[in-house]
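Student: Positions 1 to 590 (the UniProt record's numbering) are the ones given, in order, by the sequence shown.
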Amino acid sequence: MQPDLLRGPGAARRPAPLRGRADPGSAWEAARADLDGLPGGAGLNIAHEAVDRHAADPARAGRVAVRWLDRSDTVHDLTYRDLAGRTARFAHLLARLGVGPGERVFTLLGRVPALHVTVLGALKARCVVSPLFSAFGPAPVRERMRLGGAAVLVTTPQLYRRTIAPIRAGLPDLRHVLLTGGDGSGGGEPGTLDLDALLDAEEPTFTIGPTDPQDPALLHFTSGTTGTPKGALHVHEAVVAHLATARAALDLRPDDLFWCTADPGWVTGTSYGIVAPLVVGATLLSDQGEFDALRWYRTLEREGVTVWYTAPTAIRMLMRRGEDGVPALPRLRLVASVGEPLDPDAVRWTARVLGRAAHDTWWQTETGAIMIAHRPGDDVVPGSMGRPLPGVQAGLLARGPDGRAAVGAHGGVHVLHGVAEGELALRTGWPSMFRAYLGAPERYAACFADGWYLTGDIARRDLQGHYRFVARADDVIKSAGHLIGPFEVESVLTAHPAVVEAGVIGTPDPVAGELVKAFVTLRAGTEPTEELRAELLAHARRALGVVAPKEIVFADALPHTRSGKVMRRLLRARELGLPDGDLSTLETAR
Ligand code: PRX
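Below, the structure is given as structure tokens:
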């Protein structure tokens with residue numbers, strides 16, 4: 001156990017149980033029983049379950065673990081044996097560099113095999129892995145690496161030059177930067193090491209040290225309404241939920257070719273882009289290319305993808321392109337979606353055009369794994385996210401005036417029964433529940449009440465027990481699957497000398513779900529010119545990358561709460577043409 005990561009000032013007040021409840025016979029226990037555990041009873045380690053136990057079995061070692069399509073569409077296969085060797089080399093390299101258990105290894109990578117090797121190799125070394133979005137600009141990357149205390153970063157030469165070199169001086173904890181692949185100009189960046197050359201020099205076998213199932217393993221950053229990004233910390237025991245949900249929600253089996261299109265920087269890119277399919281013993285497909293409808297159809301058909309996990313924005317982009325040239329996909333058994341509301345039109349389109357109605361799945365960075373889904377074999381109810389998976393107890397809690405679950409003076413909540421609408425909550429104790437927001441015990445404690453984890457989502461339940469997403473209860477923005485904290489964007493805008501104050505909201509968009517829009521007030525005497533608007537957009541783009549606002553509006557004044565905070569909800573209400581006072585209709589209007 002590495003207590004330093006889990007404990008912080010005030011952590012003793014944390015009310016949630018830290019362990020998944022051992023409930024023999026539950027859905028989780030069935031999955032737990034199918035895992036190996038480390039040899040000699042040395043604990044539970046994700047990398048052992050995902051890689052080494054398959055590689056140790058002569059019948060499975062030669063099976064393809066990772067099928068990688070490079071940008072030029074060439075196929076490269078890594079077997080479980082290959083993956084065990086490469087991850088062992090990476091674990092040795094960390095030890096040689098003096099990086100010990102519990103230290104944080106970050107990745108800033110696209111979909112390349114070095115990602116799988118780094119994540120799983122660092123888990124073997126019992127380090128904590130934190131993958132970042134490669135499309136982020138320097139500001140969000142610096143913030144996350146600083147909060148996470150990054151000791152090691154693995155990235156490419158291009159990303160290093162673009163995103164890391166400008167912020168390196170502000171990251172004193174960062175001891176090693178390892179560069180891989182890239183454009184052939186790898187190495188040569190001052191203060192970096194050549195990962196590929198170093199790996200070649202290491203041994204291809206590694207004995208994983210004792211790992212407590214409660215040892216921290218994965219750190220995923222997510223955004224809240226206010227303050228810094230939140231580092232949700234997951235432990236090795238999460239692998240129990242990865243296996244159980246891979247089976248229950250995605251129907252994954254060892255002979256599947258599974259394609260998860262999620263970005264590696266998103267929790268989906270780790271839980272289902274790496275861990276879940278490997279724990280099952282299936283083959284995962286990883287495509288370096290960016291979205292391109294024809295390439296995607298070609299890949300689904302040529303590779304014979306059997307289970308496809310994607311997102312509403314991607315499905316809507318396919319819909320926009322039309323139906324010409326969509327191949328027959330007889331091997332595709334299941335299409336599933338995650339991350340944003342899946343509109344009924346998209347469900348019907350997938351049924352008609354791909355031959356499979358997309359199954360919605362709901363979860364969060366904090367839950368670590370799918371919690372609610374249309375299960376394989378269920379009739380898909382368009383517009384609904386499905387039902388809680390076995391082992392998951394979901395509930396709807398009555399809400400107070402601030403829109404969140406009302407928590408009584410003694411910490412009690414009011415659980416709604418039957419057909420209802422309220423804040424979606426989950427009974428604590430599932431194995432992949434986050435165990436901390438790194439360094440923020442009060443924020444963590446505030447997520448729990450009365451044995452429930454409060455999700456911040458408003459949902460509705462029908463007579464059949466299906467849950468429907470209604471809205472977020474807070475101001476976070478979902479754009480093309482990215483959860484964007486308005487405060488992070490506002491901070492970058494107000495850092496510009498012309499800007500006094502900023503309010504950032506999401507506005508509806510037919511493809512991305514929401515787009516980031518900023519309202520700013522300017523310093524006295526500053527003219528609101530088109531040149532200034534372009535300059536602010538470029539300033540935000542440089543600092544934030546993909547999460548920068550698409551639109552900036554100059555305002556004379558912004559609405560404030562009594563305590564002086566910008567009232568984003570009012571900005572949103574006005575944007576949607578709702579009367580100022582009528583904030584209650586906001587949710588259903590989205
Ligand atoms: O608001 C919900 C939305 O995405 C949020 C979680 O975002 P993030 O932590 O980035 O996602 C991690 C992996 C899914 C949720 O609070 N969300 C997620 N799934 C759905 C969804 N909204 C509607 N329908 C979904 N299926």
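Note that the Cβ used here is the ideal one computed from N, Cα and C, for glycine as well.
Quantities reported herein were computed from a predicted structural model and do not represent experimental measurements.
If you scan the segment 147–197 from start to end, which runs of the beta strand (DSSP E) of 3 or more residues do you find wholly inside it?
Tutor: 150–155, 176–179
Student: Hey, residue 104 and residue 219 are a contact pair by Cβ (cut 8 Å); roughly how many whole angstroms apart?
Tutor: 7 Å
Student: Consider the C-beta atom of residue 475 and the heavy atoms of ligand 1; say whether any pair is separated by less than 8 Å.
Tutor: no
Student: Helix or strand or just coil, what does DSSP make of residue 239?
Tutor: Here residue 239 sits in helix by DSSP.
Student: Below 8 Å, is the gap between the Cβ of residue 366 and the nearest heavy atom of ligand 1?
Tutor: yes
Student: Would you identify the three-state DSSP class for residue 357, choosing helix, strand or coil?
Tutor: coil
Student: Below 8 Å on the Cβ atoms is my contact criterion, and I expect residue 181 with residue 156 to pass it. Report the Cβ-Cβ distance as a whole number of Å.
Tutor: 6 Å
Student: Note down the Cα distance separating residue 37 from residue 43, rounded to an integer number of angstroms.
Tutor: Using only the alpha carbons, I get a separation of about 6 Å.
Student: Assign residue 572 to one of three DSSP states: helix, strand, or coil.
Tutor: Helix at residue 572.
Student: Per the DSSP calculation, residue 513 is bridged to which residue(s)?
Tutor: 509
Student: Is residue 430 near ligand 1, with its Cβ less than 8 Å from a heavy atom?
Tutor: At a threshold of 8 Å, residue 430 does not count as near ligand 1, since its beta carbon sits no closer than that to any of the ligand's heavy atoms.
Student: Give a single yes or no on whether residue 341 has its beta carbon closer than 8 Å to a heavy atom of ligand 1.
Tutor: Correct: residue 341 has its Cβ closer than 8 Å to ligand 1.
Student: Tell me whether residue 435 counts as near ligand 1, meaning its Cβ is closer than 8 Å to at least one heavy atom of that ligand.
Tutor: no
Student: Can you check the segment 378–416 for any beta strand (DSSP E) of at least 3 residues that lies completely inside it and give the ranges in chain order?
Tutor: Listed in chain order, they are 394–397.
Student: Please tell me whether, using a cut-off of 8 Å, the distance from the CB of residue 78 to the nearest non-hydrogen atom of ligand 1 is below it.
Tutor: False, no ligand heavy atom lies under 8 Å from that Cβ.
Student: Taking residue 338 as the reference, give the member of 91, 315, 205 with the closest Cα.
Tutor: 315
Student: Note down the Cα distance separating residue 569 from residue 49, rounded to an integer number of angstroms.
Tutor: 45 Å
Student: Nearest CA to the CA of residue 190: which residue from 166, 210, 206, 199?
Tutor: Nearest option by C-alpha distance: 166.
Student: Assuming the contact rule is C-beta atoms closer than 8 Å, residue 133 and residue 546 should be a hit. Round their C-beta distance to whole Å, please.
Tutor: 7 Å
Student: Taking Cβ to Cβ, would you say residue 431 is nearer than 9 Å to residue 249?
Tutor: no
Student: Closest to residue 229 by C-alpha separation, out of 516, 30, 139, would be which residue?
Tutor: 139
Student: Look at residue 650 and residue 520 and say whether their C-beta atoms are less than 9 Å apart.
Tutor: In the structure displayed, the chain extends from 1 to 590; residue 650 sits before or after that span and is not available.
Student: CA-CA distance, residue 575 and residue 311?
Tutor: 26 Å
Student: Counting C-beta neighbours from all protein chains within 10 Å, is the total for residue 364 16 or more, i.e. buried, or is it exposed?
Tutor: buried
Student: Hey, is the segment 545–565 in contact with the segment 517–531, meaning 3+ C-beta pairs nearer than 8 Å?
Tutor: yes
Student: Please find out if some non-hydrogen atom of ligand 1 comes closer than 8 Å to the beta-carbon of residue 360.
Tutor: If you check the C-beta of residue 360 against ligand 1, you find a heavy atom less than 8 Å away.
Student: Please name the residue in 236, 161, 531 whose C-alpha comes closest to that of residue 279.
Tutor: 236
Student: Determine the DSSP secondary structure at residue 230, reduced to helix, strand or coil.
Tutor: strand
Student: Tell me which residue opens and which closes the alpha helix (DSSP H) that residue 92 is part of.
Tutor: 80–96
Student: Strictly by DSSP, which residues pair up with residue 211?
Tutor: 43
Student: Could you pull the start and end residues of the alpha helix (DSSP H) that residue 457 belongs to?
Tutor: No alpha helix (DSSP H) holds residue 457; the beta strand (DSSP E) holding it covers 452–461.
Student: Can you tell me whether residue 96 sits near ligand 1, meaning its C-beta is under 8 Å from at least one heavy atom of the ligand?
Tutor: Every heavy atom of ligand 1 is 8 Å or more from the Cβ of residue 96, so no.
Student: Just list the residues that DSSP pairs residue 260 with in beta bridges.
Tutor: BP columns for residue 260 point to 309.
Student: DSSP three-state call for residue 482: helix, strand or coil?
Tutor: strand
Student: Go through its chain and collect everything with a Cβ distance to residue 205's Cβ below 7 Å, but skip five positions before and after it.
Tutor: 88
Student: Return yes when at least one heavy atom of ligand 1 lies under 8 Å from the C-beta of residue 455, else no.
Tutor: yes
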